[in-house]
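With the working numbering, letter number 120 in the sequence shown gets 127, and the count goes up by one each step, no holes. Presented below is the structure to which this report refers.
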Amino acid sequence: MCVAGRRPELFEKLIVVDPPMFDLKMRVFISIGKAIPKQLVENVHPLVKGAVRKRDQFSSKTEAGEYFRSRSLFKSFDRTIVDSFLEHGIDNNNKLVFPKLAEANMYKTTPGLELNSNDTDYVGQYCNKLVKGTFFHSHEYEFLNRNSVAELKQLMPQMRFVEFEHNHFWPFQDPDSFTSKILEQINAG
Numbered sequence: 008m009c010v011a012g013r014r015p016e017l018f019e020k021l022i023v024v025d026p027p028m029f030d031l032k033m034r035v036f037i038s039i040g041k042a043i044p045k046q047l048v049e050n051v052h053p054l055v056k057g058a059v060r061k062r063d064q065f066s067s068k069t070e071a072g073e074y075f076r077s078r079s080l081f082k083s084f085d086r087t088i089v090d091s092f093l094e095h096g097i098d099n100n101n102k103l104v105f106p107k108l109a110e111a112n113m114y115k116t117t118p119g120l121e122l123n124s125n126d127t128d129y130v131g132q133y134c135n136k137l138v139k140g141t142f143f144h145s146h147e148y149e150f151l152n153r154n155s156v157a158e159l160k161q162l163m164p165q166m167r168f169v170e171f172e173h174n175h176f177w178p179f180q181d182p183d184s185f186t187s188k189i190l191e192q193i194n195a196g
């Protein structure tokens, strides 16, 4: 979305699925949170805490499969998705391919309202009135709240906003119905 916001002429259409984008109030909250020393963030921020504590080494892929399938998040995922994760997300040494500390750092560095920049620049890097396509968002508003959707609708009037009756992890829980919905929107023009 960032590239499309800056260079919309490079894209015919975008399909965006429930991105964690935040309204101004949440961006200010995130910025305040960034002032907390990084070592404290690991004990406070639930996503950072979970990433840091996540097990990343296993004795076998079978053990990794048992571990991830027992986790509440993965229990709702389609079996083919978990199998693919085990095939591509666990290396030959039975370790996670994407390091857990890199995942934690990704959560620690979520963009907020950078106090030394213009907030319009932050929003503008993602949004452009010329960007066309479909923006899917969950009706459960887990990672994208109603205010954010309203703000984005104003900033991207040529995007079609489609609310779906599933949660944020729908693509992993029911990949067939998700794929059908995406194809339906592509074919709708």
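All residues carry an ideal CB built from backbone N, CA and C; glycine is no exception. None of the values given here were measured: they were computed from a predicted structure.
Spell out the partners DSSP gives I22 in its beta bridges. Residue pairing from DSSP places I22 in a beta bridge opposite T141.
Would you call the segment 76 to 88 in contact with the segment 169 to 185, where contact means no fewer than 3 C-beta pairs closer than 8 angstroms? Verdict: yes, contact present.
Which residues does DSSP list as the beta-bridge partners of K102? Residue pairing from DSSP places K102 in a beta bridge opposite Q64.
May I ask you to verify whether the segment 106 to 116 touches the segment 138 to 147, counting CB pairs closer than 8 angstroms and requiring at least 3? Verdict: no, contact absent.
Since F143 and V169 should fall inside the 8 angstroms C-beta cutoff, what is the C-beta to C-beta distance between them, to a whole number of angstroms? Indeed they touch by this definition, with Cβ atoms about 5 angstroms apart.
Hey, quick one: how far does the beta strand (DSSP E) through F171 stretch, first residue to last? Counting along the chain, the beta strand (DSSP E) containing F171 begins and ends at M166 to F171.
Skipping 5 residues on each side, what residues in its chain have a beta carbon closer than 7 angstroms to that of A58? Closer than 7 angstroms at the Cβ level, and outside the excluded window around A58, lie K107, E110, A111 and Y114.
Give me the Cβ distance between D85 and Q180, rounded to the nearest whole Å; I'm assuming they're in contact under 8 angstroms. About 6 angstroms; that satisfies the 8 angstroms criterion.
Please tell me whether D63 and K102 are closer than 7 angstroms, where the distance is taken between their beta carbons. At the C-beta level, D63 and K102 come within 7 angstroms of one another.
Cα-Cα separation, E121 to P26: Bear in mind that a pLDDT of 48 at E121, under 50, signals an unreliable position, so the number given afterwards is only what the model happens to contain. Computed Cα separation, rounded: 20 angstroms.
Nearest-angstrom beta carbon gap, K68 and I97 [assumed within contact, 8 angstroms]: Right, their Cβ atoms sit about 6 angstroms apart.
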